[in-house]
Each structure stands twice: as C-alpha cells, then as structure tokens.
Amino acid sequence: MNSATVMQDSRRHRKPSGCSVLSRPRPVTRREFGKAGLLAAASAAAWPVGAFGAESPPRRIRTGVIGCGSVSNAYLPVLTKSPFVEVVSLCDIKPERARRQAERFKIAHCYPHIDEMLAGEPFEFMVNLTDMQEHERLNRRALEAGKHVWSEKPIANSLSAGQELLRLAKSRNLRLWGAPITVQSPQFAFMARQLAAGKLGRVAAAHADYGHEGPTWSAFFYEKLGGSMPDLAVYNLTTLTGLLGPAKHVVAMLSIVTPERVVDDKGRIKVTEEDNAMVLLDHGNGVISHVQSGFNYFNPHGHEGHEETRYTVSVVGSAGFMGLVGYDWEPLGVDIATKESPKPTRYATDAQGYIWQQGAALAAECLATGKELLVTPEHALHVLEIITAARESSATGRRIALTSTFKWPIVV
Ligand SMILES: NC(=O)c1ccc[n+]([C@@H]2O[C@H](COP(=O)([O-])OP(=O)(O)OC[C@H]3O[C@@H](n4cnc5c(N)ncnc54)[C@H](O)[C@@H]3O)[C@@H](O)[C@H]2O)c1
C-alpha cells in the first residue's frame with residue numbers, strides 16, 4: 005500500500021434495521037484530503053512529518069450525523085473522504101432520508117430519533133444538520149451524552165442558552181463548534197492582515213450583503229427562530245466582526261416582504277420571521293459596519309456561490325479600499341486600492357483547499373490531532389447575540405448594547 009494512503013478501519017459493522025450496508029469507501033489519499041484539510045484552509049503551519057506515514061495513520065473520529073436534508077449533500081462527501089472521520093451513524097426524523105444517504109455514502113447505521121442514535125452504535129462526535137430551531141435542543145442532548153458537537157448555525161436560539169451549552173461542554177471536557185467557517189478562508193486571512201498592517205489607513209466603514217429568493221424546500225427558514233439573519237446574514241456578521249472586532253451596539257430594521265410562501269414540506273405557509281434585514285454595527289473606535297440579508301433578492305446565480313463575482317464585503321478607510329470578490333463563504337479573491345496604488349489590484353485568488361462545507365471535517369481533524377480552528381464557539385455566540393439584538397432593536401426602535409465578545413484579532 006502507498007505510504008500516503010490512509011488505512012480504512014477494518015471493524016466489522018452490524019447491519020441495523022432499515023440501513024443498507026454496501027462496500028466500504030475506498031481509501032483516501034493525503035493528496036486528496038490535503039486539498040480540503042485544516043492546514044491548507046487556515047494557511048497555518050506545515051503538516052507534521054510522519055502524520056500520514058503508513059505506521060501512523062491519523063485517528064479517525066467516530067461520527068454521527070443528524071439531519072439528512074439538503075445540506076447533508078454538501079457535508080457527507082467531505083466527511084466521508086476525510087482521513088480523520090469515520091461516519092458511523094445517520095439520523096433523521098424522516099427515516100427514509102437517513103436510509104437514502106446511508107446507502108449513497110455507505111454508512112452502516114441509521115436511526116429515526118436522536119435517543120436511538122445516542123444509544124446505538126458508539127460514536128464521539130455529533131454533526132448537527134437539522135432545522136435551525138432544533139439545534140439548541142439536540143446539541144444539549146448530545147453534550148449531555150458525552151459527545152463533541154459541530155452544529156450548523158445557529159448553535160442555540162439565544163445567547164444565554166448558547167452560553168449554557170458552552171459551559172456544559174467545558175464542564176465535561178467536550179468541544180462545541182458552530183458554522184459558518186468564513187474566518188478559515190485565505191481571503192479572510194488576507195483581509196485581516198491588510199487591516200492589521202494599516203494598509204487602509206484609519207478604518208471607517210464596511211458593508212456586506214447576502215440574499216437570494218429564499219429556500220423552497222423547508223418551512224423552518226420562515227418560521228419562528230428562522231429568518232434571513234440566522235440563515236444568511238450570519239455569514240457576513242461572522243466575517244465583519246472577524247475583521248473589525250466584536251460589536252458593541254446594534255441598530256436594525258427588519259421586515260417581511262413576502263408574507264406567504266409555498267414550500268415543499270408544508271405547502272402554503274405564513275412567513276413570521278424577517279425576510280428582509282438591515283443591521284448596523286458599532287465596532288467601537290468610530291468603526292461602523294452594515295450587513296443586509298434577505299429572501300427577496302433577485303439573484304441570477306441562485307444558490308451557486310462560485311458564479312458571484314461582485315464585491316459582497318467591502319471595507320474602506322482613510323487611505324484605501326478593499327473588496328472581497330464573491331461570497332465570503334466561497335470567496336474568489338480580494339481587490340485592494342490604496343493611496344499609493346490607486347488602481348485596484350487582485351490578491352488571494354487561491355482557495356488553498358478552503359471550502360465552506362468542510363467545517364465538521366476540520367473540527368474532527370482538531371479532535372484527532374489537537375490542532376485548533378480559527379472558528380470558535382464564543383464568536384458564534386457573539387453573532388447569535390447580534391441577531392437577537394437586531395430583532396429587539398427593530399421591535400423597539402432602540403440601539404441595543406451587546407454583552408458578549410470573543411478573542412480578537414482572529415488572524416495574527
Ligand atoms: N441547504 C443548504 O444549502 C445549507 C447551506 C448551509 C447551511 N445550511 C443550514 O443547515 C441546516 C439544515 O438546512 P437544510 O437546508 O439541510 O434543511 P432541510 O430541511 O433540507 O434538512 C433538515 C433535516 O433535518 C431533519 N430534522 C429536523 N429535526 C430533526 C430532529 N429533531 N432529529 C433528526 N432530524 C431532524 C429534517 O427531517 C430534515 O431532513 C440549517 O441550519 C441551514 O441553515 C443549509
């Protein structure tokens with residue numbers, strides 16, 4: 005066997021009821037995983053020599069994935085190729101979805117309820133890809149059962165509940181992480197370093213936006229605790245607080261532009277959460293930023309990120325301008341214009357293996373190797389507080405002071 009080949013776990017799998025067990029996946033090579041690995045993504049230190057040697061294949065984290073809907077089609081190809089992951093279980097309250105993905109990705113065990121998954125085939129890491137409203141409850145169940153957790157956004161429904169989850173995790177020596185991972189991209193690192201080096205002079209303002217015509221498959225995006233902020237603005241809020249520092253105050257206006265929609269799972273529904281959001285952030289020191297998101301934005305590219313080539317994040321200061329080309333979750337480069345060099349010049353066009361779908365695989369890599377991500381639960385909780393504060397501001401017309409913070413700068 006090639007020394008760069010990751011050995012497969014030869015453990016025999018029991019066949020649970022309702023799941024088809026097909027042949028095991030083929031081995032993943034270092035070259036293949038390196039394209040999407042933590043170190044490439046974070047442009048950090050070099051891989052330790054021998055980590056992939058035939059004598060020392062990386063520890064594979066036994067993983068259970070809950071929620072087998074749309075986004076599982078993006079996560080499972082990455083997780084099942086990662087040399088740090090062995091996906092042992094799938095779970096969905098719509099059991100046919102778990103069964104379908106189990107067959108497609110050759111995963112041995114599937115369950116219709118979290119309690120059955122937790123009591124079934126042993127695993128140590130749960131990846132939560134369920135409805136936004138379910139994350140808090142399911143994350144808590146998993147932590148209580150002694151599992152590390154990667155959660156799609158949001159980690160919880162409120163700052164206090166999220167902080168409680170983090171306390172629970174820490175008290176049990178468990179890890180808790182939440183999407184998105186925009187701060188892992190080399191474009192984010194490039195922008196952060198330009199700001200830290202003072203390339204834009206005195207930073208004054210920033211803008212970011214993300215919208216499309218809204219998901220058509222599930223009602224939860226439009227129901228209580230859903231909305232365009234936790235689904236879309238969350239990316240821009242993570243990026244801008246990551247670049248400019250934790251926010252101190254929030255002012256927002258939110259609205260519902262389309263009060264009724266037709267979605268695949270429930271037919272005609274009432275939209276009760278904002279599908280149109282304008283959020284202003286005060287980062288202190290005079291720096292103000294603006295994030296807008298919505299489910300009523302004509303978008304010729306739909307959900308296809310790589311076709312977007314306009315700036316969706318821009319930062320301006322007294323001596324320069326910087327624009328992120330494409331979306332912050334799938335960036336294509338960064339343009340900079342400064343007083344010294346006023347013609348915009350493009351940098352950071354190489355993704356270096358970063359893809360937005362790799363968060364849970366990177367978290368498993370951390371569990372296996374002891375390395376750290378730039379993504380932190382404290383940052384995710386700060387963004388969650390901004391979202392709930394924006395709701396309060398819009399409802400009351402007040403400027404809302406924030407209480408949470410996170411370790412910043414992220415990239416040094
Ligand atoms: N779809 C995307 O492209 C995309 C991209 C990035 C992030 N996300 C995020 O991923 C999450 C899921 O979104 P989606 O588009 O995949 O939704 P979806 O409706 O397609 O899938 C959610 C799945 O979770 C299952 N589920 C709900 N409650 C459950 C429970 N208690 N136990 C087990 N299974 C449960 C549902 O039956 C469904 O199959 C959301 O937080 C969303 O914001 C989605």
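This note's numbering numbers the first residue of the sequence shown as 5 and each following residue consecutively. Cβ coordinates follow ideal geometry from the N, Cα and C atoms, glycine included.
Item	Value
What three-state label does DSSP hand isoleucine 273 in the structure shown?	strand
Between which two residues does the beta strand (DSSP E) carrying phenylalanine 325 extend?	324-331
Would you mind working out which of Cys72, Val82, Ser74 sits nearest tryptophan 360, comparing C-alpha positions?	Val82
Where does isoleucine 390 fall in DSSP's three states?	helix
Is leucine 377 closer than 8 Å to alanine 365 when the C-beta atoms are compared?	no
Would you say the beta carbon of glutamate 138 comes nearer than 7 Å to a heavy atom of ligand 1?	yes
For glutamine 296, which residues in the same chain have their Cβ closer than 6 Å to its Cβ, ignoring the five residues on either side in sequence?	Asp213, Met282
Following the continuous alpha helix (DSSP H) through cysteine 95, name the residue where it begins and the one where it ends.	First-last for cysteine 95: 89-95, but that is the beta strand (DSSP E), not the alpha helix (DSSP H).
Using DSSP with H/G/I as helix, E/B as strand and the rest coil, what is alanine 352?	coil
Compare the beta carbon distance of alanine 355 and proline 348 with 8 Å and say whether it is the shorter of the two.	no
Is histidine 307 a contact residue of ligand 1, with contact defined as CB to any heavy atom under 7 Å?	yes
Using alpha carbons as the reference points, say which of Asn77, Gly124, Thr84, Ala196 lies closest to arginine 104.	Asn77
Kindly indicate which residue of Glu312, Lys203, Leu385, Thr220 has the alpha-carbon position closest to the one of leucine 336.	Glu312
When burial is assigned at 16 or more other CB atoms within 10 Å of the CB, is tryptophan 333 buried or exposed?	buried
Mapping DSSP to helix, strand and coil, what is leucine 406?	coil
Per DSSP, what kind of secondary structure is tryptophan 221 in: helix, strand or coil?	coil
Roughly how far, in whole angstroms, is the beta-carbon of leucine 133 from the beta-carbon of valine 75, given that I think they are within contact range, below 8 Å?	5 Å
In chain order, which continuous runs of the alpha helix (DSSP H) of length 4 or greater are located wholly inside the region 152-196?	163-175
For valine 25, which three-state DSSP category applies?	Bear in mind that a pLDDT of 38 at valine 25, under 50, signals an unreliable position, so the number given afterwards is only what the model happens to contain. Valine 25: coil per DSSP, three-state reduction.
In the DSSP assignment, the beta strand (DSSP E) including threonine 342 goes from what residue to what residue?	334-342
So, helix, strand or coil for glycine 124, using DSSP?	coil
Between which two residues does the beta strand (DSSP E) holding tyrosine 214 run?	207-215
Does the region 197-213 come within contact of the region 384-391, defined as at least 3 CB pairs closer than 8 Å?	no
Less than 7 Å separating the Cβ of lysine 157 from some heavy atom of ligand 1?	yes
I'd like the list of long-range same chain contacts for valine 254, defined as Cβ closer than 8 Å, with 5 residues on each side in sequence excluded.	Val283, Leu284, Leu285, Asp286, Ile390, Ala393, Ala394, Ser397, Arg403, Ile404, Leu406
Quick one, which of Ala102, Ile159, Leu204 has its alpha-carbon nearest glutamate 344's?	Leu204
If distances are taken between C-alpha atoms only, which option among Thr84, Pro116, Leu122 comes closest to arginine 108?	Thr84
I'd like the span of the alpha helix (DSSP H) that includes cysteine 370, first residue to last.	363-373
Comparing the CB of arginine 265 with every heavy atom of ligand 2, is any distance shorter than 7 Å?	Absence of ligand 2 is noted for the structure shown, with ligand 1 being the only ligands found.
In terms of residue numbering, what span does the alpha helix (DSSP H) encompassing threonine 243 cover?	238-248
State yes or no: is the C-beta of phenylalanine 194 within less than 8 Å of the C-beta of tyrosine 358?	no
Is the distance from the Cβ of arginine 171 to the Cβ of leucine 371 below 8 Å?	no
Tell me, please, whether the region 114-125 touches the region 90-103 by the rule of three or more beta-carbon pairs shorter than 8 Å.	yes
Have a look at serine 259 and aspartate 269 and give me their C-alpha separation to the nearest angstrom.	24 Å
Is glutamate 308 helix, strand or coil by DSSP?	coil
Determine the extent of the beta strand (DSSP E) in which leucine 106 is found, giving its start and end residues.	The amino acid occupying residue 106 in the given sequence is alanine; leucine does not appear at that position. It is not in any beta strand (DSSP E) - alanine 106 instead sits in the alpha helix (DSSP H) that spans 99-109.
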